[in-house]
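Protein chains in written order, with our numbering: chain A, 1 to 661; chain B, 1001 to 1100; chain C, 2001 to 2118; chain D, 3001 to 3486.
From the three backbone atoms N, C-alpha and C, an ideal C-beta is built for every residue, glycine too.
Remember, it's a predicted structure, so these values are computed and weren't measured experimentally.
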Amino acid sequence: MYSNLWLIPFFPLVGSIINGLFGKKIKNEKVIGGIATIAIFLSFLVSCQNFFRLLGDTEKVHQQILGSWMSIGILNVEWGFLLDPLSALMIMVVTGVGSLIHLYSIGYMHGETGFYRFFSYLNLFCFSMLMLVLGNNALVMFIGWEGVGLCSYLLIGYYFEKKSAGDAAKKAFVVNRIGDFGFLCGLFTLFWALGSKGVWTLNFVEISENAHLLQSGGLLVTVVTLCFFLGATGKSAQIPLYTWLPDAMEGPTPVSALIHAATMVTAGIYMIARMNILFAMSPTTMMVIAFVGAATALFAASIGFAQNDIKRVLAYSTVSQLGFMFMAMGVGAFTAGIFHLMTHAFFKACLFLGSGSVIHGMHHAYHHAHLHDDPQDMRNMGGLRKFMPITWITYLLSCLAIAGMPFFAGFFSKDEILWWTFASTRGSYLVWIIGTIAACMTAFYMFRSLYMTFHGEQRTDVRAKDHIPESPWVITLPLIILAGLATIAGFIGIPHAIDVAHVGNGIASFLDPVFGQAQQLHNIGIPEDLAHNVGLEIGLMCMSVVIGLIGIGGAYYMYMKKQELPAKFTGAFPGLHKAVFNKWYIDELYDFLFVNPCKKIGTFLWKGFDVCVVDGVVNGIGWVVKGLASGLRYTQSGFLHNYAMIMVVGVVVIVGYYIFG
Amino acid sequence: MISVYHYMILSAILFAIGSFGVLTRKNMIVIFMCIELMLNSVNLTFIALSRHLGNMDGQIFVFFVMTVAAAEAAVGLALIIAFYRNKESIEVDDFRLLKW
Amino acid sequence: MLENYLPVLVLIGIAVAFAVGSVVMSGLIGMKKPSAVKLAPYECGMPLVGSARERFSVKFYIIAMLFILFDIEAVFLYPWAVMFKRLGMFGFVEMGVFIAILLVGFIYVWKKGALEWE
Amino acid sequence: MENLAQIAMESVNFQAIMPSLVLCCFGMVLLLVSVFLERGRTAPICWLSIIGLVVTGIISINGWNDPQAGFAGGVVLDNFATFFNLTCLIAAGLTILMSDSYLHREGYPVAEYYPLILFTTAGAMWMASGTDLMTIFLGLEVLSVSLYVLAGFFRGQLRSNEAGLKYFFLGAFSTGFMLYGVALLYGVTGTTKVAGIAEAIRLMPDASSNPMIIAGAILLSIGFLFKIGAAPFHMWTPDVYQGAPTPITAFMSAGPKAAAFAAFMRVTYISLDSLQVDMSAMFWVLAVLTMTIGNFVAIAQKDVKRMLAFSSISHAGYALVGMVAWNEVGFSGILFYMLVYTFMNIGAFAVLVLIGKQGEDNLTLDGMAGLGYKRPFLGVAMAIFLFSLMGLPPTAGFTGKFFIFAGALKAGYVWLAILGVLNSAVSLYYYLRVMVYMYFRDPVEDFSWVKMEMATIVSILIAIAGVLYLGVLPGPVMELAKLSIF
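Here it is in structure tokens:
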């Protein structure tokens, strides 16, 4: 019945191979881009078919086994796919957003050298991501896991002639491998732990069925899940392994949208959701996840304050939003986390693509005027909404969504997360408070970027300012679709409290077969008394809306008023200059009291903590390894006598140990 | 009475002398002779044990060890000569191109 | 029984002591006036031709190596020869194979010119 | 009087040594043919030796599932031996394919090269099928003596001389230790047969505290540990690998290593089974030491050939993990891993063979800069081999490592598996650096000297096919590996 699952990763793989092998000969950009886009669009169609079939099906878990991969005595690993509500939702997001971004890339990458290379990698990425999502056992998932890392590495380093791009690529790969190490450790430990109970398996369904063999809350399951969580922090850019993501913005913007916002970085969330039953067994791990997520959300948001590069703002915002998803996972709100993953994919992809559209326009203008200003610096922008109305509208809608304004997608998902952090049996008020503050900050810096880019006075160099075009339809169409989704997608997950029309929380009931069991077994959920406390839930909801509004208002005040008022006043009433100056003075005071400390902390965290401490630790490990390497290297002296001596010492030590030891 | 243990001890001493020589001598020919000494001490052990156990396997083994030692001698000398032709030296410390 | 031989032993002891003693004594108390001629090895009074530490042609090494190789194979012939009658035809054929393999090596060496002096 | 010949004749079973016998005959005939050819004509010998390998391979495959023992229990041709025979034959075949143009480029078109490889392979096959320490020793020596010559094959090159001499001296030295171990075991058990030793040790009440047995077992192991390049007996590896002709380095790192593992496994698994606890503990330490040293020192290397030498040390460490596990999964994992390693490592060296200039001084990291753009095929091939060496799915390196580590996990060695994974994470650093140079550095040179030699390309393609096949569909071969355990 679900026998065409294999087609879903198959199409992008074929596309990738065609473009990789023949792209150089095809040359025609339309054909290359078309092949790639059609490939992913076909798998989107297949995904749709399977998704809707699954919606109407009573049996919610399906596996398709293509054949045996490895059979090693104790276990048989298959090339197999697993379709359940979780993976169905994920493939929809991956192929859907993926198709749009492929389309967008045709316009965005126009004229780049290595156009075919880009699309080949992009398709390969989609293939890997789909393998990751669809794999029915941990090893197939691991193929995807490594594959997306590899493609991300290739795509970050796409502009390899730029040294920073190469470095960023290397950093991404190395940091990801630290995470992969955690993943593999978790995998091996789990494999052994279940095996020692007589079940040698890596199949997710079987793992879920046999998880009860492990002691709930025991040390073993905590170690296993913590290892997996380390893997997740690497892929999903959480403290302490998040540093690669902002650097990854060296890649082309569509890549940032697809890989570093919508899909790959959510792999960690997906993996935790996939193994939710194990994570549910370890409250310790859940708590760690919740706090790491909360800390990351707050921390990354504060760094977002101090960034002027539009893509870096979005990068830190992504880290922060991923923190929200981890918070959700940590408090047992698996559904809410996945829900947020989905809505985030829409609005963040839209934001990235919007920023790409802006960069594209700015680049065009600078190119026209033969200038070499930074097209990504928001200080060179402002007032762009006149030139790029579609981009502006879509960006605005997505900002509203991410800020959690009512009835936009982000509102439902973020509120659901915050509600769970507040009310869940695994929740914690501290996490809730941090989450709320982070939400406020998110609204602030997102609108800051909106205002700095699209509103206010245009700060672009005069020679270039009138040459900023709106982007072509291949770029704006994906923006419009994504903005539309960012606006309405939330309605599939209407919370119980405001469900006046009684349509029900669609996503929760859809995902229930995946998460319900774990939540029931380990008593995760909203306690009865709170679940029916509609007033409390609505109250909290209103509060978070108000907090979002405060953030937006703050941004408006600081980045609209401050920018415009001085110019107006000095222009119209030269005599009142002093007053303007006073006004300025008040603003300055305000800056001094509120904004600057925030900025300072942000800058400090960015420069001080991020660059010095985190990079320092990473580099430090590198130095230690290198030092050790060059030290050990000198044992290889080249003298025959030394070699013979070491052999003899080895013999004597071993024999001596066994005979006298 | 000289027992198998005496032979064993003698061969162990010879083996030790041989390996000590390998570790300390500079001249490649001498090192090679030391290795031969080690092999011959093994031969002595085999013969002694074979006699002691009343079992011929050890002696057969000695035949093979001797043949192999001869083959090694031929190859080793050839290698040493090749090196000598290039470097005019048979000191082990004179080859140290490959290191680190 | 054995004590009958005691005088012999004593005689041997005295002889050894005398021999060693006279060599040591002459070394200790004799006059030493070394000269080049005196220190030269005694070669029937012939003057020296040159240093004995001469470089040999590499040919010697090759011949020596070949000698070792073919010589050592003879070690297998001895046990075979001892058992030749009992092994009969089978043993003969086996040794024939062995010799044939050696022959391959020999032909190789010969054709390579390793046996020619010049 | 007749029965002596009778006994001797009955114990002869040519079936049991058929593959190596054929290979030796080919070797000898080729040796004779080579002297009658004019100097510098090596191509006929090259192709004849490939034919020899193929014929031997067919004979080996025919012997599958038809175990033959012979020569008074000194030799057995079981599935285990056949699997290793085929691994060695593949290694030799790939090596010979890449050799001919290489020898001409480097100025040593000497035909004896090919018979020597055949003799080495025959020695390796004896090791794999030896069930008497005597035959194993003979195989080891045939293999070693030929390899000494091959390592020092470029006799006018100091580097090659040095490689040959170092290999020779240290190899002979380790042989001495190994023989001493054999002698001690012989003294205690009165036999040199693998099964006989096992029997005798089993009957001994306190075998694991008998110093002669322990010393004998350890000294015997040292011969094998030396050949597989396990720390602390690995010191020769980098120098010899760097100095030897590149195809020989490739061969040495695969075929003889596999053979050494074969004999080592047979001896430890059968003869020393009663000492499992002690031996496993020793292998545990050595495995960790070996992979760590190999990986860490590789990081500091600039010369790619030398770096691959250290990487080969670390891979020996991974394979040793299978010995630690001491169960069918671990052992069949080694079989599988050796085959995988043959493909990926020889493939990587084949790429180096192609991109080297005469004298091979350009095989440094800097020399690789921009290879991926100037020579896309070689770049992709190298990338595939490096991914496999890193152990990334879906290449064979991943399935192989997984197989072995699964064995360790089955035996309960979680820490060992984790240390292994940690080590492969470290190894990533230096493999990746080659990739970075190939793809993220501007080309310094134009690689115009690279001639796409057909035979070498074929060997690279075979290796790629092997790496991908064993990575994506390793099932059948894994099944064979499982069937090959004695």
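Given this structure, state the Cα-to-Cα distance separating residue i from residue j, to the nearest angstrom.
{"i": "ALA232(A)", "j": "ASP309(A)", "result": "27 Å"}
{"i": "HIS364(A)", "j": "HIS467(A)", "result": "8 Å"}
{"i": "THR570(A)", "j": "GLY553(A)", "result": "Low local confidence applies: a pLDDT of 49 at THR570(A) is under 50, so the model's placement there is unreliable, and no value is given."}
{"i": "GLU2116(C)", "j": "PHE2076(C)", "result": "27 Å"}
{"i": "PHE3402(D)", "j": "ILE72(A)", "result": "9 Å"}
{"i": "CYS151(A)", "j": "ILE646(A)", "result": "44 Å"}
{"i": "PHE1083(B)", "j": "ILE3136(D)", "result": "31 Å"}
{"i": "GLN3006(D)", "j": "MET2095(C)", "result": "16 Å"}
{"i": "MET3265(D)", "j": "SER3314(D)", "result": "19 Å"}
{"i": "SER3424(D)", "j": "CYS185(A)", "result": "12 Å"}
{"i": "TYR2(A)", "j": "VAL503(A)", "result": "29 Å"}
{"i": "LEU351(A)", "j": "MET3435(D)", "result": "33 Å"}
{"i": "LYS30(A)", "j": "ILE18(A)", "result": "14 Å"}
{"i": "LEU13(A)", "j": "SER3209(D)", "result": "59 Å"}
{"i": "ARG312(A)", "j": "PRO3393(D)", "result": "32 Å"}
{"i": "VAL3149(D)", "j": "ALA165(A)", "result": "48 Å"}
Starting from residue i, follow the alpha helix (DSSP H) in both directions and report where the run begins and ends.
{"i": "MET3282(D)", "result": "3276 to 3299"}
{"i": "VAL3242(D)", "result": "For clarity, residue 3242(D) is Gln in the given sequence; the question names Val instead. 3236 to 3243 is the span of the alpha helix (DSSP H), which, as asked, contains GLN3242(D)."}
{"i": "ASN3062(D)", "result": "3043 to 3062"}
{"i": "ALA531(A)", "result": "528 to 531"}
{"i": "GLU78(A)", "result": "Run containing GLU78(A): none in the alpha helix (DSSP H); it sits in the beta strand (DSSP E), 75 to 83."}
{"i": "LEU3320(D)", "result": "3304 to 3325"}
{"i": "LEU3386(D)", "result": "3376 to 3390"}
Keeping to the same chain, check which residues put their C-beta closer than 7 Å to that of residue i; ignore five residues upstream and five downstream.
{"i": "LEU1047(B)", "result": "The amino acid occupying residue 1047(B) in the given sequence is Ile; Leu does not appear at that position. Excluding sequence neighbours, ILE1047(B) sits near GLY1058, GLN1059 and VAL1062."}
{"i": "GLY3433(D)", "result": "In the sequence as displayed, the identity of residue 3433(D) is Arg instead of Gly. If we look at ARG3433(D) and ignore the five residues flanking it on each side, its Cβ neighbours are LEU3365."}
{"i": "VAL77(A)", "result": "TRP69, MET70, ASN137, LEU139 and LEU202"}
{"i": "VAL474(A)", "result": "LEU103, TYR104, ILE106 and GLY107"}
{"i": "ASN3065(D)", "result": "ASN3079"}
Excluding the five sequence neighbours on either side, which residues of its own chain have a C-beta within less than 6 Å of the C-beta of residue i, listed in chain order?
{"i": "GLN664(A)", "result": "Outside the displayed range of chain A (1 to 661) lies residue 664(A), so it cannot be described from this structure."}
{"i": "ILE3293(D)", "result": "ALA3231"}
{"i": "ILE3139(D)", "result": "Note that residue 3139(D) is Gly in the sequence shown here, rather than Ile. Closer than 6 Å at the Cβ level, and outside the excluded window around GLY3139(D), lie GLY3123, TRP3126, MET3127 and GLY3130."}
{"i": "ILE586(A)", "result": "Note that ILE586(A) scores 45 on pLDDT, short of 50, meaning its location in the model is unreliable; the coordinates nonetheless yield the value given after this. Answer for ILE586(A): no residue qualifies."}
{"i": "ALA3325(D)", "result": "GLY3407, ALA3408 and ALA3411"}
In the DSSP assignment, the beta strand (DSSP E) including residue i goes from what residue to what residue?
{"i": "ILE65(A)", "result": "62 to 72"}
{"i": "GLY3070(D)", "result": "3068 to 3070"}
Using the beta-carbon of each residue, which ones in chain B are nearer than 7 Å to residue i?
{"i": "VAL2058(C)", "result": "ILE1081"}
{"i": "GLU3162(D)", "result": "PHE1095, LEU1097 and LEU1098"}
{"i": "ILE2072(C)", "result": "MET1066, THR1067 and ALA1070"}
{"i": "GLY3123(D)", "result": "By Cβ distance, chain B contributes nothing, its closest Cβ being about 11 Å from GLY3123(D), past 7 Å."}
Could you list which residues in chain A have their beta carbon closer than 7 Å to that of residue i, in chain order?
{"i": "GLU3445(D)", "result": "Per Cβ cutoff of 7 Å: no residues; GLU3445(D) is ~17 Å from chain A at best."}
Can you name, in chain order, every residue of its own chain whose Cβ lies under 8 Å from the Cβ of residue i, other than the five neighbours on each side?
{"i": "ALA3215(D)", "result": "GLY3181 and LEU3184"}
{"i": "CYS440(A)", "result": "ILE547, GLY548, ILE550 and GLY551"}
Mind listing the chain B neighbours of residue i? Cutoff is C-beta to C-beta under 8 Å, in chain order.
{"i": "LEU2069(C)", "result": "ALA1070, ALA1071 and ALA1074"}
Name the chain C residues whose beta carbon is nearer than 8 Å to that of residue i?
{"i": "LEU3004(D)", "result": "MET2083, ARG2086 and LEU2087"}
Give me the chain B residues within the contact set of residue i, using Cβ-Cβ distance strictly less than 9 Å, ordered along the chain.
{"i": "VAL2109(C)", "result": "Neighbours of VAL2109(C) on chain B: none; closest Cβ ~11 Å, over 9 Å."}
Can you pull the chain D neighbours of residue i, defined as C-beta to C-beta under 8 Å?
{"i": "VAL1022(B)", "result": "PHE3169 and PHE3173"}
- Query: If you measure beta-carbon to beta-carbon, which residues of the segment 636 to 647 of chain A are closer than 9 Å to chain B?
  - Reply: GLN636, SER637, GLY638, PHE639, LEU640, HIS641, ALA644 and MET645
- Just by C-beta distance, which residues in the segment 3015 to 3041 of chain D are closer than 9 Å to chain C? CYS3024, MET3028, VAL3029, LEU3031, LEU3032, SER3034, VAL3035 and PHE3036
- Can you list, in chain order, the residues of the segment 2087 to 2107 of chain C whose Cβ is nearer than 9 Å to any Cβ on chain D? LEU2087, GLY2088, MET2089, PHE2090, GLY2091, GLU2094, ILE2101, VAL2104, GLY2105 and ILE2107
- Just by C-beta distance, which residues in the segment 3361 to 3395 of chain D are closer than 7 Å to chain A? LEU3392, PRO3393 and PRO3394
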